C-alpha cells in the first residue's frame, strides 16, 4: 500500500493531466486547506481518477502549529483516514511527512521507520526560518528516519542544508 520507489514527477491534483507518464507520477494535494475541504466532497470521484497514477501523496489538511492540539490531531487523523480509504481502493500512498507540533510526532509511527515520504512547502516559503523550525525538522527526521523524502514546492536553503547533512 506504500510507495517505495522513486517517481519521475510529483504533480498537484489540478495539474495531473500534464503528467508525461501517469504510471510513474505521484499526484499531490498542494493546495490551501479551503480547497482541500471541498475535495472531501469528491473523494470517490478523485479515487477513480487517481487509479491511473503511480501513487498519491498523503492527503494534506494542515495540522497548523498555531491551532489547538485537538484540531491538529483531527486533521492528521482525517488525512490518515483518506489515505487508508485510497489504499483499500488499490491506490499506493506516498505518506505525507507533515505533522502538527511535537506532541503529534508519534503520528508518523503510522508508517514503518525507513518509509519514503513526501512533503509540500506551501506557505512555508513566506516566513523566516527559526532555530526552532530547524530543530523541529531534525526531530521528525530522527524519529522516523525516512529512506527518501520527496519535497514539492520551493525549499528554503536552511532546510536544504539539514537534508544534505541528514541524507549523507
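Residue numbers (the numbering used here): 18 to 185.
Cβ atoms here follow ideal geometry from the backbone N, Cα and C, with glycine treated the same way.
For clarity, every value in this text was computed on a predicted model and none was experimentally measured.
Query	Result
Terminal residues of the alpha helix (DSSP H) in which residue 120 lies	Note, residue 120: premise wrong, no alpha helix (DSSP H); not H, not E.
Assumed close pair residue 186, residue 110 - CB separation to whole angstroms, cut-off 8 Å	Beyond the ends of the chain as shown, which are 18 and 185, falls residue 186; an answer cannot be given.
Identified DSSP bridge partners for residue 26	42
6 Å Cβ shell around residue 23 - same chain, five flanking residues per side excluded	none
DSSP three-state assignment for residue 169, whether helix, strand or coil	strand
Test item: CB-CB of residue 69 and residue 112 under 8 Å	no
Cβ-based burial, residue 27 [other Cβ within 10 Å; buried from 16]	buried
Beta-carbon separation (whole angstroms), residue 170 vs residue 46, contact threshold 8 Å	With 8 Å as the limit, residue 170 and residue 46 do not qualify as a contact, their Cβ atoms being about 12 Å apart.
Endpoints, beta strand (DSSP E) assigned at residue 146	Taken as a continuous stretch (DSSP letters only), residue 146 belongs to no beta strand (DSSP E), as it is neither H nor E.
Environment of residue 139 [buried if 16+ CB atoms lie within 10 Å]	Confidence in residue 139 is poor, its pLDDT being 47 and thus under 50, which makes the residue's placement unreliable; the coordinate value appears in the next sentence. Counting Cβ neighbours within 10 Å, residue 139 comes out buried, since at least 16 surround it.
Rounded C-alpha distance that separates residue 130 from residue 180	17 Å
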